[in-house]
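What follows is a short report on a single structure.
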Amino acid sequence: MFRIPTGRPAARLLAALLATAAFGAHAAPVNVQILSATVKDRRIDGATVTLQRNGEQSVSGVTNAQGQVALTSAFADDAGALLIVKKAGYSNLVVKCPCADMTYAISPVMNNLDGLRVVLNWGARPEDLDSHVVFPGNHVYFESMRGADAMLDVDDTDGFGPETITLNRRHVGERYVYAVHDYTDRADPRTPRLSRSSAKVFVYVGQTLVKTYYVPLQQTGNLWIVFAITPEGEIQDLNRITSVVSERRLQGPEFQGVMDAPASTAPAATGTDGSADAQALNSRGETAYRAGNLDEAITLYQQAIEIDASYGQAYSNLGLAFQKAGRVAEAMWANRKAIALADGPTAARVRASSRYNNGRIYEDAGQWDDAAREYRAARAEAANPVYDKAIERMRQKGAR
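Take the sequence shown: its letter number 235 is residue 229 in our numbering, and every next letter is one higher.
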């Protein structure tokens, strides 16, 4: 018969045993591997990987020569936890867990203003998910790995990923659609396995992860239509699962029809008053910006946008903060979203100033034609002698 020990020493021992048992309930190591998003099977050593959860002590480790790290924490590896990966020369990766036994890829910093990189990761099953991007006259995927200023950098066929598509230069005036096809279940258009794949899509601009998409749950279908890029450069959320009978159909009307598909209208807010929370974060971001704390301001604006994806003022503020921080490709992305979301009596002014800011970025980079286009668009929205002078300045440089 088991007897509970008594007395102070025994009580201390019992408390320690109970604490150890409570810790052990969630102490299974979280094993992850970090790869390069652009070079197949390149393991990334020396990356700092942190597992964190609000109100808990974060745990960190550094990847070894195989790109592997094991993290042991006192909290569960569930949707309340985040995994953060950092390494010099690469964009930071932030992903929601569960993360155990997953492989993630980090993206080298991009330097081109109109570039964009899309990285797909998933779990062990299905074995083969394929990235596709379609734009006028082009379909980039595993059978056609190069397109006009676009390429499939990495193709993976045995689970986890990554699969990476890089747009070196977005073509102004053209619409792009990115989708994920479950090649393993290509003959089963009613499969639930894509929805169960733990697939995640990461979108990078410059040195920043600007969008993350998680595969919709509890749905059937073998094609996940993730996002579109409008002719003006705005990233639109589509984020829905549908079906195709084979990958060949992705080149035909059944897939091409998503080119005109409406953006997702699912609410982004998850709190009881998402709009108020977003406004509070935006206000804190403005305070940090005025104090010169640009990294803090950027983080707060991004948090506001995560709560309310239609918050145009936060995008406008984010564009200014990115530009002042020298992250100009990201500034242009934020400005384009601010332009798309502008409404009300100040909409024309917001669009004009955002266009002008993008023009300044192009001008500083020596891209005169692009700068002139943005300055003319600003002038079309609002009269301002500054815009007129900018247009004339580009004309003198030979811009079209």
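Note that CB positions come from ideal geometry on N, CA and C, so glycine has one too.
In this text, all values refer to a predicted model and were calculated from it rather than measured experimentally.
Cα-Cα separation between residue i and residue j, rounded to whole angstroms
| i | j | result |
| --- | --- | --- |
| residue 315 | residue 146 | 32 Å |
| residue 110 | residue 198 | 6 Å |
| residue 325 | residue 220 | 23 Å |
| residue 2 | residue 98 | The pLDDT assigned to residue 2 is 49, lower than 50, so where the model puts this residue is not dependable, and the model offers no usable value. |
| residue 75 | residue 48 | 8 Å |
| residue 154 | residue 222 | 24 Å |
| residue 335 | residue 304 | 7 Å |
| residue 289 | residue 136 | 38 Å |
| residue 354 | residue 331 | 17 Å |
| residue 34 | residue 113 | 12 Å |
| residue 234 | residue 79 | 28 Å |
| residue 211 | residue 171 | 21 Å |
| residue 55 | residue 205 | 25 Å |
| residue 93 | residue 71 | 7 Å |
| residue 31 | residue 38 | 10 Å |
| residue 36 | residue 356 | 34 Å |
Contacting residues, own chain, Cβ-Cβ under 7 Å from residue i (five flanking each side not counted)
| i | result |
| --- | --- |
| residue 342 | 375, 376 |
| residue 183 | 215, 216, 237, 238, 239 |
| residue 178 | 120, 121, 122 |
| residue 272 | 298, 301, 302, 305, 308 |
| residue 328 | 309, 312, 313, 316 |
| residue 118 | 153, 154 |
| residue 83 | 102, 103 |
| residue 282 | 290, 291, 294 |
With 16 other Cβ atoms within 10 Å as the buried cut-off, status of residue i
| i | result |
| --- | --- |
| residue 158 | buried |
| residue 115 | buried |
| residue 379 | exposed |
| residue 130 | exposed |
| residue 337 | exposed |
| residue 45 | buried |
| residue 29 | buried |
Own chain residues within Cβ distance below 8 Å of residue i, not counting five before or after
| i | result |
| --- | --- |
| residue 333 | 226, 228, 344, 345, 348, 349 |
Close beta carbons around residue i, own chain, < 6 Å, minus the five adjacent residues each side
| i | result |
| --- | --- |
| residue 89 | 77 |
| residue 388 | 362, 365, 366 |
| residue 167 | 225 |
| residue 185 | 179, 216 |
| residue 96 | 26 |
Cβ-heavy atom distance, residue i to the ligand NAD, below 6 Å
| i | result |
| --- | --- |
| residue 91 | In the structure shown, the ligand NAD is absent, as is every other ligand, since no ligand is present at all. |
For the pair the segment 158 to 173 and the segment 51 to 70, tell me if three or more CB-CB distances fall below 8 Å.
no
Kindly confirm or deny that the segment 198 to 218 and the segment 302 to 315 touch, where touching means at least three C-beta pairs closer than 8 Å.
no
Every unbroken beta strand (DSSP E) inside the segment 35 to 66 [3 residues or more]
Those beta strand (DSSP E) runs which fall completely within the segment 35 to 66 and span 3+ residues are 42 to 46, 53 to 56, 62 to 65.
Minimum length 4: unbroken alpha helix (DSSP H) runs contained in the segment 275 to 346:
Counting whole runs of 4 or more residues, the segment 275 to 346 contains the alpha helix (DSSP H) stretches 288 to 301, 306 to 318, 322 to 335.
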